[in-house]
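Here's the structure, in structure tokens; my notes come after.
There are 2 protein chains.
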Amino acid sequence: MQDKITKLFKAIADPTRRDIFHALVIASSALSITQISNQFDMTRQGVTKHIKTLEEVGLVYIDSQGRERFCNANPKELKEVTKWLKFYEQFWDDKLGRLGDYLDSRV
Amino acid sequence: MQDKITKLFKAIADPTRRDIFHALVIASSALSITQISNQFDMTRQGVTKHIKTLEEVGLVYIDSQGRERFCNANPKELKEVTKWLKFYEQFWDDKLGRLGDYLDSRV
DNA sequence: AAATTAAGCAACTAAAAAGTTGCATATACA
DNA sequence: TGTATATGCAACTTTTTAGTTGCTTAATTT
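From first to last, the protein sequence lines stand for chains A and B.
Start counting the first sequence at 463; every next residue gets the next number (this note's numbering).
Start counting the second sequence at 463; every next residue gets the next number (this note's numbering).
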């Protein structure tokens with residue numbers, strides 16, 4: 463399909479997926495597929511698809527217990543996004559002069 | 463259509479758009495539509511559409527001069543993404559305990 | 001054992017996004 | 001003035017993504 467970072471960006475580009483991810487991050491315990499779907503105005507299968515997308519990029523991992531599948535967030539996976547942003551942060555405060563610093567930091 | 467942050471995420475989720483944006487960031491001067499299109503294996507119109515998408519979210523702004531349209535990157539717009547990430551960074555090192563700190567910092 | 005609950009899979013529809021072709025317009029240049 | 005260049009606009013095709021319906025399987029509960 464496409465490279466990792468593109469998949470990751472696409473995963474978080476969808477508002478429903480960001481919501482699911484957020485719900486999992488702030489949840490005190492893992493949530494089952496049904497528990498998650500109940501929070502959305504969408505069929506369980508729709509939600510399942512989104513969870514699968516999140517799982518594929520590593521933002522979510524699943525813990526099967528009996529017939530239930532408990533979902534957990536793995537926010538560390540967002541480090542890739544931070545890494546991508548890192549380069550451009552150099553240009554925020556002054557448009558000139560920071561690129562050199564950035565390159566120096568990589569020598 | 464959809465909210466600002468979703469548009470922003472979608473804009474950078476496309477690899478061609480990330481490439482265009484990157485080319486503009488590292489360019490020593492503004493680049494015309496034609497100059498940009500020449501760097502891609504795609505029609506000029508295709509590239510123009512991508513530039514329009516980037517422009518709509520503020521990642522690119524245009525400077526018209528005669529018949530030419532010079533494109534510039536505006537990386538500051540990525541601050542929104544950093545802001546979104548900020549919350550989740552709390553969970554990178556230890557899964558528990560950091561949420562409290564985050565909330566405290568907002569009191 | 002029968003009924004209920006949790007979930008997966010596959011096929012389908014609908015809508016959005018990516019990219020193209022063709023044509024029009026305005027600027028610049030010889 | 002005539003030609004080449006830079007670009008926009010609109011319609012179209014193709015591909016991808018989002019979401020649904022219907023059915024099946026397997027674990028629980030009564």
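In this text, a Cβ means the ideal position worked out from N, Cα and C, and glycines have one as well.
Item	Value
My parser needs the alpha helix (DSSP H) runs of 4 or more residues fully inside the segment 491–568 of chain B; what are they?	495–499, 506–518, 541–551, 560–566
Nearest to B:Cys533 by CA position, among B:Ile488, B:Asp555, B:Lys545, is which residue?	B:Ile488
Please state if the CB of B:Val519 and the CB of B:Ala473 are separated by a distance shorter than 7 Å.	yes
Just reading off the alpha helix (DSSP H) that A:Asp453 is part of, what are its end residues?	Only positions 463 to 569 of chain A appear in the structure, and residue 453 of chain A is not among them; the question remains open.
Considering only the alpha carbon of each residue, which of A:Asp481, A:Ala492, A:Asp476 lies closest to B:Gln464?	A:Asp476
Could you work out which residue in A:Ile495, A:Glu517, A:Lys548 is closest to A:Gln527 when comparing CA atoms only?	A:Ile495
Could you give the C-beta distance for B:Ala485 and B:Gln501, rounded to a whole number, given that I count them as a contact under 8 Å?	6 Å
How big is the Cα-Cα spacing for A:Ile482 and B:Lys541?	23 Å
Any C-beta of chain B sitting closer than 7 Å to the C-beta of A:Lys472?	yes
Please identify, using Cβ separations under 8 Å, the residues of the segment 518–543 of chain B that lie next to chain A, in order along the chain.	Ala535, Pro537, Lys538, Leu540, Lys541, Val543
Show which residues of chain A have a CB atom less than 7 Å away from the CB atom of B:Phe553.	Val487, Pro537
Report yes if the CB atom of A:Arg480 is closer than 7 Å to the CB atom of A:Leu516, and no otherwise.	no
Under 7 Å between the Cβ atoms of B:Phe471 and A:Pro537?	no
Which residues in chain A sit within 7 Å of B:Ala475, going by Cβ to Cβ distance?	Thr468, Phe471, Lys472, Ala475
List, in order along the chain, the chain B residues whose C-beta lies closer than 8 Å to that of A:Leu547?	Leu540, Val543, Thr544, Leu547
What residues of chain B sit near A:Gln497, judged by a beta carbon separation below 9 Å?	Under the 9 Å cutoff, chain B gives no residues; its nearest Cβ is about 19 Å from A:Gln497.
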